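Each residue of the sequence shown is one higher than the one before, counting from 0 in numbering that gives the first Met the number 0. Positions of the beta carbon are idealized from the N, C-alpha and C atoms, including for glycine. Values in this document were obtained by computation on a predicted structure and should not be read as measured data.
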Amino acid sequence: MKKFSLTFLLVGIMFVLAACSGSKEEDPTTDDASKSEDDVLAKVQEEGTLVIGTEGTYPPFTFHNASGELTGFDVEIAREVADRLGVEAEFLETQWDAMFAGLDAGRFDMVANQVGINPERQESYEFSDPYITSTAVLVVAEDNNEIKSFEDLKGQLSAQSLTSNYAETATSFGAELEGVEGFNQAIELLNSGRVDATVNDNLTVLDFLKQRPDAKVKVIDKSEDAAQSGLLFRKGSGAIVEEANQAVADMIEDGTYDEISEKWFGENVLE
Numbered sequence: 000m001k002k003f004s005l006t007f008l009l010v011g012i013m014f015v016l017a018a019c020s021g022s023k024e025e026d027p028t029t030d031d032a033s034k035s036e037d038d039v040l041a042k043v044q045e046e047g048t049l050v051i052g053t054e055g056t057y058p059p060f061t062f063h064n065a066s067g068e069l070t071g072f073d074v075e076i077a078r079e080v081a082d083r084l085g086v087e088a089e090f091l092e093t094q095w096d097a098m099f100a101g102l103d104a105g106r107f108d109m110v111a112n113q114v115g116i117n118p119e120r121q122e123s124y125e126f127s128d129p130y131i132t133s134t135a136v137l138v139v140a141e142d143n144n145e146i147k148s149f150e151d152l153k154g155q156l157s158a159q160s161l162t163s164n165y166a167e168t169a170t171s172f173g174a175e176l177e178g179v180e181g182f183n184q185a186i187e188l189l190n191s192g193r194v195d196a197t198v199n200d201n202l203t204v205l206d207f208l209k210q211r212p213d214a215k216v217k218v219i220d221k222s223e224d225a226a227q228s229g230l231l232f233r234k235g236s237g238a239i240v241e242e243a244n245q246a247v248a249d250m251i252e253d254g255t256y257d258e259i260s261e262k263w264f265g266e267n268v269l270e
């Protein structure tokens, strides 16, 4: 009788321990998906590095200078944000269309690449407060006299980064799209006659024409609607977005933003 009772007791204890162990493994609080919103900021502070996704081929926002150094307006803004967070900025370069997937996969903590703020992106991502205001312009070859406005894009082939705001603008006017990796490739296709036009950022185009006054392209129309861009984060990034907003606000307040903006554009590009 005692032997039976002892055996029964031992089996019962093993059952309870197994049940407890199983419940611990299934506890959703241990799952990565349940990490708190502060984890991105905590990770950045712990590692001492803010990992930033950017193209590196999109002057004057993010590109390599003659010495091969990564530079540009967005690069300087992102470095300043990292500095004000008390960490180092580490840039990982990738193509435009791959930046969003890279952010989703956790390769970057933040993206700095003049990412336009729109409702569709806001459903999937978080943005900082705007730090750029710009408009879309229509660019064609110098000898193209058929396309004179956005309305003339219908049925024309336009070189665009397929997930950009400018691709949406081109298609809204009936253009067909030729996908490109960035602005430089769009201009190359335009110069070679393989596309009819490109819709792009006025600040980028103005900088390009300043650097390449001999370029055989021209701006023929400008959108009346202004677009704003922000630093991009994964959904649920939480506190790091607030910290980035504070860093940008402080830059504007103490004049650092004006200095960077004047350096690259000769004016304040937020107002």
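**Prompt:** Nearest-angstrom Cα distance between T70 and P58?
**Reply:** The residue given as residue 70 occupies position 71 in the sequence shown. The residue given as residue 58 occupies position 59 in the sequence shown. Answer to the nearest angstrom: the Cα atoms are 9 Å apart.
**Message:** Cutting at 6 Å between CB atoms, please list the residues of its own chain near Y256, excluding the five before and the five after it.
**Reply:** Along the sequence shown, one-based indexing puts residue 256 at 257. Cβ neighbours of Y256 beyond the five flanking positions: M250.
**Message:** Whole angstroms are fine: how far does the CA of D82 sit from the CA of I259?
**Reply:** If you number the sequence shown from 1, residue 259 lands on position 260. If you number the sequence shown from 1, residue 82 lands on position 83. Straight-line Cα distance between these residues: approximately 15 Å.
**Request:** Give every residue of the same chain whose Cβ lies closer than 7 Å to the Cβ of I76, excluding the five residues on either side of it in the sequence, and list them in chain order.
**Result:** To locate residue 76, count along the sequence shown from 1; it is residue 77. Here the set comprises A111, Y130, I259.
**Request:** Report all residues from its chain with a CB closer than 7 Å to the CB of D72; omit the five preceding and five following residues, and keep chain order.
**Result:** Along the sequence shown, one-based indexing puts residue 72 at 73. A quick correction: the sequence has Phe, not Asp, at residue 72. Cβ-Cβ distances below 7 Å link F72 to P59, F60, I259, W263 in the same chain, with the five nearest sequence neighbours on each side left out; the list follows chain order.
**Request:** List the residues that DSSP assigns as beta-bridge partners of F62.
**Result:** For this step, residue 62 is matched to residue 63 along the sequence shown. According to DSSP, which records beta bridges pairwise, F62 is partnered with T70.
**Request:** Specify the secondary structure class of D257 as computed by DSSP and reduced to three states.
**Result:** Position 258 of the sequence shown, counted from the first residue, corresponds to residue 257. DSSP places D257 in helix when its eight states are reduced to three.
**Asked** Going by other Cβ atoms of all chains shown within 10 Å of its Cβ, with 16 needed for buried, is E193 buried or exposed?
**Response** As a working note, residue 193 is residue 194 in the sequence shown. A small correction: the amino acid at residue 193 is Arg; Glu does not occupy that position in the sequence shown. So R193 counts as exposed.
**Prompt:** For S127 versus N244, is the C-beta distance shorter than 8 Å?
**Reply:** Taking the sequence shown and counting its residues from 1, the one referred to as residue 127 is at position 128. Taking the sequence shown and counting its residues from 1, the one referred to as residue 244 is at position 245. Yes, the Cβ-Cβ distance between S127 and N244 is below 8 Å.
**Separation of T56 from D26, as counted between CA atoms** = Mapped onto the sequence shown, residue 26 falls at position 27. Mapped onto the sequence shown, residue 56 falls at position 57. Residue placement at D26 cannot be trusted, given a pLDDT of 45 that sits under 50; what the coordinates show is reported in the next sentence. Computed Cα separation, rounded: 45 Å.
**Request:** Out of K209, E87, G67, E54, point me to the one whose CA is closest to K42's CA.
**Result:** For the purposes of this step, residue 42 is taken as the residue at position 43 of the sequence shown. Looking at K209, E87, G67, E54, the one whose alpha-carbon comes closest to that of K42 is E87.
**Asked** Is it right to say L8 is buried, meaning 16 or more other beta carbons lie within 10 angstroms of its own, or is it exposed?
**Response** Within the sequence shown, numbered from 1, the residue matching residue 8 stands at position 9. Unreliable placement is indicated for L8, whose pLDDT of 44 sits below 50; the coordinate value is still reported in the next sentence. The residue is exposed, with fewer than 16 neighbouring Cβ atoms inside 10 Å.
**Buried or exposed (CB count within 10 angstroms, at least 16 for buried), S160** = Within the sequence shown, the letter at position 161 stands for residue 160. Flag for S160 reads buried.
**Message:** Once the 5 residues before and after S222 are set aside, which same chain residues still bring their CB inside 6 Å of it?
**Reply:** In the sequence shown, the residue the question calls residue 222 occupies position 223. The residues are T134, A135.
**Asked** If you pair each beta-carbon of the segment 105 to 122 with each one of the segment 182 to 192, do three or more pairs fall below 8 Å?
**Response** no
**Message:** Closest to D195 by C-alpha separation, out of T168, R211, E177, E89, would be which residue?
**Reply:** As a position in the sequence shown, residue 195 is number 196, starting the count at 1. Cα-wise, what sits closest to D195 is E177.
**Message:** I need the straight-line Cα distance from I51 to A166, nearest angstrom please.
**Reply:** On the sequence shown, position 52 is the one that residue 51 refers to. On the sequence shown, position 167 is the one that residue 166 refers to. In a straight line, the C-alpha of I51 is about 24 Å away from that of A166.
**Request:** Just the C-alpha distance for V268 and N201, rounded to the nearest angstrom, thanks.
**Result:** Mapped onto the sequence shown, residue 268 falls at position 269. Mapped onto the sequence shown, residue 201 falls at position 202. Spanning the two alpha carbons is a distance of roughly 11 Å.
**Prompt:** So, L137 versus R233, is the Cβ gap smaller than 8 Å?
**Reply:** For the purposes of this step, residue 137 is taken as residue 138 along the sequence shown, with counting starting at 1. For the purposes of this step, residue 233 is taken as residue 234 along the sequence shown, with counting starting at 1. No, these two residues do not count as a Cβ contact at 8 Å.
**Item:** Reduced DSSP category for G101 - H, G, I as helix; E, B as strand; rest coil
**Value:** Counting from 1 along the sequence shown, the entry for residue 101 is found at position 102. Helix, per DSSP.
**Request:** Please report how far the alpha carbon of K147 lies from the alpha carbon of A214, in whole angstroms.
**Result:** Locating residue 147 in the sequence shown gives position 148, where the first residue counts as 1. Locating residue 214 in the sequence shown gives position 215, where the first residue counts as 1. Approximately 18 Å, taken between the alpha carbons.
**Reference T48, options L91, K209, F62, G67, closest by Cα** = On the sequence shown, position 49 is the one that residue 48 refers to. The shortest C-alpha separation from T48 is found at L91.
**Message:** Below 8 Å on the Cβ atoms is my contact criterion, and I expect V39 with S236 to pass it. Report the Cβ-Cβ distance as a whole number of Å.
**Reply:** The residue given as residue 39 occupies position 40 in the sequence shown. The residue given as residue 236 occupies position 237 in the sequence shown. Contact holds; Cβ gap of about 5 Å.
**Message:** When you compare the CB positions of E141 and K217, do they come within less than 8 Å of one another, or not?
**Reply:** Along the sequence shown, one-based indexing puts residue 141 at 142. Along the sequence shown, one-based indexing puts residue 217 at 218. Yes; because the gap between Cβ atoms is below 8 Å, this pair is in contact.
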